[in-house]
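Below is one structure, written out as structure tokens, with a few remarks after it.
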């Protein structure tokens, strides 16, 4: 099935969504927005870049430096020397860049924890946000493995029980919605890519599931529920009323991957996809 | 006036919008969405990074290489050597990065022209899109001068008359909307930062206005109407039915700058801002 450009086209891991693709994501976002309302989650639009310093604090460069996409301007001393008559450039040589103090996000919920750094909670906090995320991969595949993609999240920061209840709640809601869309999906226990496989944390997650994925077509995780224990609470000094590190969990939706699954399931027919979403929302 | 975090906070040219700030932008976007509907503009969600090669083709690195924000992963040969035990990093040394083949957009409408490269038009095309744009500046000021910001555009690609009529149409609509919001704004003729001041093109734009800005508070352009003549049509080989290069124009809205203006005008009172927007939309 070749999708029409009104749905999407993809080049080098970057997607352009046409009017039908945009309309489909709007309806999907309406469903998630209603869920956000049900749990009183507040919408934040976070800084679109994350500090290297903050990412380092949560062991990002220790665990997957290869996924990072760093950002930097051209170094000031290179501007005059090399760019006054710059024509037909294909790339900017790394030696001409300034050091990178920021990176593009690779997960939206990190921004929540960075933003809450040093906060002492009165009660559990529910936040929703969508961010352009980036993962530098060896190869990209259509909409299912992109360099840049949109991740919508519903995040809970609170006590251990609250953040686990958040996941149980959405595990059911998301499955029901997928059933209404007639999207066949398997729920699988996954290893959290956040934790190094060889570390004590990775061993720990084999004891109880920290990540479950909703997998379409055998290999494409279109949503996931993630329990981080008190990892981010500890790293970002977010504390519970008793002064202990807060727990966090998130429900994550890869928006372009939903578009992939819906396009595949409904044979690239935008009207059928929109109809299915409207039916499932009704 | 110190804004409340429910509206926004800013650090190093990057803004985080809280629930009130997000709600205000949603209402503003609803207004622009209605305008898009009136002219039959189709919504696109473009690739969030632009190729250095394409930017070079439109003379970007010739005219303002200093504004660019390039992106690159850590070079593969540096990963094992330097990041296996990476702790407490504050920046990634430019020498560890791969060459940058992509940049973050500094204007949303470039994506429209890159996407339409090589197209021959049957009739004028109207597109709307919003993109995270980035401009690397020497200094940043609140929401009015950000490194990263959201630019919403209404773009026309067609004949010279059509693209100029598009601007006349929106010059009036935008002014009327600002009056309904009781936002005092001056319309000023500006030089298009796209064209080098010393170039023949820059001289040309002194003959007839190519850019008018809607300026709040004496210095903050919150919207602009821009006539590019056939510059992008020529560079991106977009042609009219007669084979000549197409003309382009765009109406651009700096979303965070609107939030700045509204916050200033209504003294940081989110309820008054939301009320004013609802009134102006009614």
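Chains as they are written, first to last, in the working numbering: chain A, 655 to 936; chain B, 655 to 936.
Glycine residues also receive a C-beta, built at the ideal position from the N, C-alpha and C atoms.
Remember, it's a predicted structure, so these values are computed and weren't measured experimentally.
To the nearest angstrom, report how far apart residue 671 of chain B and residue 661 of chain B are at their CA atoms. Using only the alpha carbons, I get a separation of about 6 Å.
Give, in chain order, every residue of the region 664-681 of chain A whose Cβ lies closer than 8 Å to some Cβ of chain B. Taking 8 Å as the Cβ-Cβ cut-off against chain B, the residues of the region 664-681 of chain A that qualify are 665, 668, 669, 670, 671, 672, 673, 675, 676, 677, 679.
Identify whether residue 919 of chain B lies in helix, strand or coil by the three-state DSSP scheme. Here residue 919 of chain B carries a helix assignment [DSSP, helix/strand/coil].
Going by DSSP, what residue range makes up the beta strand (DSSP E) through residue 814 of chain A? Per DSSP, residue 814 of chain A belongs to no beta strand (DSSP E); it is in the alpha helix (DSSP H), 814-834.
Counting only Cβ pairs nearer than 7 Å, list the residues of chain A close to residue 696 of chain B. What residue 696 of chain B touches in chain A: 673.
Which residue wins for smallest C-alpha separation from residue 825 of chain A, given the options A:774, A:840, A:752, A:871? Looking at the Cα atoms, A:840 is the closest of the given residues.
Three CB pairs or more closer than 8 Å across the region 894-910 of chain A and the region 873-883 of chain A: Pairwise C-beta distances place the region 894-910 of chain A in contact with the region 873-883 of chain A, as three or more of them are shorter than 8 Å.
Quick one: what's residue 663 of chain B bridged to in DSSP? DSSP lists B:670 as partners of residue 663 of chain B.
Name the residue from A:909, A:915, A:735, A:843 whose alpha carbon lies nearest to the alpha carbon of residue 679 of chain A. The candidate whose alpha carbon is nearest that of residue 679 of chain A is A:909.
In chain order, what residues of the same chain lie with their CB nearer than 6 Å to the CB of residue 667 of chain A, ignoring the 5 residues before and after it? Short of 6 Å from the beta carbon of residue 667 of chain A, and not among the five residues preceding or following it, lie these beta carbons of its own chain, in chain order: 794, 800, 801.
Taking all protein chains shown into account, do 16 or more other C-beta atoms lie within 10 angstroms of the C-beta of residue 692 of chain B, making it buried, or fewer, making it exposed? The residue is exposed, with fewer than 16 neighbouring Cβ atoms inside 10 Å.
Where residue 745 of chain B meets chain A, residues with beta-carbon distance less than 7 Å: Within 7 Å Cβ-Cβ: 706, 753, 754, 755.
Cβ-Cβ distance between residue 783 of chain B and residue 807 of chain B below 8 Å: Yes, the pair counts as a contact, with Cβ atoms nearer than the cut-off.
Spatial distance of residue 850 of chain B from residue 735 of chain B (CA atoms): Because the pLDDT of residue 850 of chain B is 48, which lies under 50, any placement of that residue in the model is unreliable, and the number read from its coordinates should be weighed accordingly. The straight-line gap from Cα to Cα measures roughly 43 Å.
Cβ of residue 741 of chain B less than 8 Å from any chain A Cβ? Among the residues facing chain A, residue 741 of chain B is included, as its CB has a counterpart in that chain under 8 Å away.
Say whether the region 683-701 of chain A touches the region 689-707 of chain B, bearing in mind that this needs 3 or more beta-carbon pairs closer than 8 Å, one atom from each stretch. Short answer: they don't touch.
Alpha carbon to alpha carbon, what distance is there between residue 759 of chain A and residue 818 of chain B? The alpha-carbon atoms of residue 818 of chain B and residue 759 of chain A are separated by roughly 39 Å.
Please state whether the Cβ-Cβ distance between residue 812 of chain B and residue 864 of chain B is less than 8 Å. Not closer than 8 Å, so no.
Based on Cα-Cα distance, which residue from A:913, A:932, A:761 lies nearest to residue 675 of chain A? Closest option to residue 675 of chain A, Cα to Cα, is A:913.
Which residues, in chain order, does the region 788-810 of chain B contribute to contact with chain A at a C-beta distance below 7 Å? 790, 802: these are the residues of the region 788-810 of chain B whose beta carbon lies less than 7 Å from some beta carbon of chain A, given in chain order.
Using the Cα positions of residue 857 of chain B and residue 832 of chain A, report the straight-line distance between them to the nearest angstrom. Here the model assigns residue 857 of chain B a pLDDT of 49, short of 50, so the residue's position is not dependable and the matter cannot be decided.
Going by C-alpha to C-alpha distance, which of B:769, B:705, B:669, B:776 sits closest to residue 896 of chain B? That would be B:776, whose Cα lies nearest to the Cα of residue 896 of chain B.
In angstroms, rounded to a whole number, what distance separates the CA positions of residue 749 of chain B and residue 935 of chain B? Rounded to whole angstroms, residue 749 of chain B and residue 935 of chain B show a C-alpha spacing of 52 Å.
Assuming residue 752 of chain A contacts residue 704 of chain A (C-beta within less than 8 Å), just tell me the rounded distance between them. Contact flag wrong, Cβ pair sits at about 17 Å.
Proximity below 8 Å, CB of residue 805 of chain B to CB of residue 761 of chain B: Residue 761 of chain B sits close to residue 805 of chain B, with the two beta carbons spaced by under 8 Å.
Taking 7 Å as the cut-off, is the CB of residue 872 of chain A close to at least one heavy atom of the ligand ATP? The model on display carries no ligand, and the ligand ATP is accordingly not part of it.
Using a beta-carbon distance below 8 Å, is residue 719 of chain B in contact with chain A? Residue 719 of chain B counts as touching chain A.
Residue 835 of chain A and residue 681 of chain A - do their beta-carbons sit closer together than 8 Å? Between residue 681 of chain A and residue 835 of chain A, the C-beta spacing is not below 8 Å.
Euclidean distance between Cα positions of residue 798 of chain A and residue 707 of chain A: Each residue's Cα considered, the two are about 30 Å apart.
Verify the CB distance criterion: does residue 726 of chain A have a CB-CB separation below 8 Å to chain B? By this cut-off, residue 726 of chain A is an interface position.
Comparing the C-beta of residue 723 of chain B with each C-beta of chain A, is any distance below 8 Å? By this cut-off, residue 723 of chain B is an interface position.
Figure out for me which residue from B:886, B:890, B:843 has the closest Cα to the Cα of residue 868 of chain B. Comparing Cα-Cα distances from residue 868 of chain B to each of B:886, B:890, B:843, the minimum goes to B:843.
When DSSP labels each residue in this structure, what does residue 887 of chain B get in the three-state scheme? DSSP, read as helix, strand or coil, puts residue 887 of chain B in helix.
Could you name the residues of the region 759-774 of chain B whose beta carbon sits closer than 7 Å to any beta carbon of chain A, in the order they occur along the chain? Sequence-ordered contacts of the region 759-774 of chain B with chain A read 769 [C-beta pairs closer than 7 Å].
Give me the Cα-Cα distance between residue 768 of chain B and residue 890 of chain B, rounded to the nearest whole angstrom. Looking at the two C-alpha atoms, the distance is approximately 6 Å.
What residues from chain A crowd round residue 938 of chain B, counting only those whose CB sits closer than 8 Å? With chain B covering 655 to 936 only, the question about residue 938 of chain B has no answer from this structure.
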